[in-house]
Each structure stands twice: as C-alpha cells, then as structure tokens.
Amino acid sequence: MLVDEPAAHLDAASTASVLQLLEQFAVAGVTVIVASHGESVGVPARARTIRLDNGKLVE
Numbered sequence: 048m049l050v051d052e053p054a055a056h057l058d059a060a061s062t063a064s065v066l067q068l069l070e071q072f073a074v075a076g077v078t079v080i081v082a083s084h085g086e087s088v089g090v091p092a093r094a095r096t097i098r099l100d101n102g103k104l105v106e
C-alpha cells in the first residue's frame, strides 16, 4: 500500500486513527509505504525508515 501524506490537513484525533489503521495493515502483513514531508507522522519503532534530503538518501 502506498500512502502519500496520510496526515495532511487532519486534526490530531483523525491523524491517530489513520496511523492506527495503517499499523493494523502492517501487522496483518501488508507492506505499507508512507510518503511524508515532515516528522509529524509517527513511525513504529520496528518500521524501516528511509529519508531523502534534496533527492539524496541520508538515512
């Protein structure tokens, strides 16, 4: 599943609901790829994260 900015323009409660749903998909074995421009999207500790800065892989 590819999700682009899932928390954009959402309040805190709605953001939490969306992230919980994405986590449920991941736990069920679905690969979830989230594109986000900020740190506002919480990432589970076990998740693999990749960061880009000006198009270059930094992490």
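Going letter by letter, the sequence shown gives residues 48 to 106 in the working numbering. For every residue, glycine included, the Cβ atom is placed at its ideal position computed from N, Cα and C. Predicted model only: the values in this text are computed from it and were never measured.
Quiz item: Apart from the five residues on each side of it in sequence, which residues of its chain come closer than 6 Å, Cβ to Cβ, to Leu69?
Solution: Val79
Self-check item: Nearest neighbour of Val50, chosen from Asp58, Ala60, Asp100 and Ser83 [CA to CA]
Solution: Ser83
Quiz item: Just the Cα atoms here: how many angstroms apart are Leu66 and Leu99?
Solution: 21 Å
Quiz item: Per DSSP, Asp51 forms a beta bridge with which residues?
Solution: Ala82
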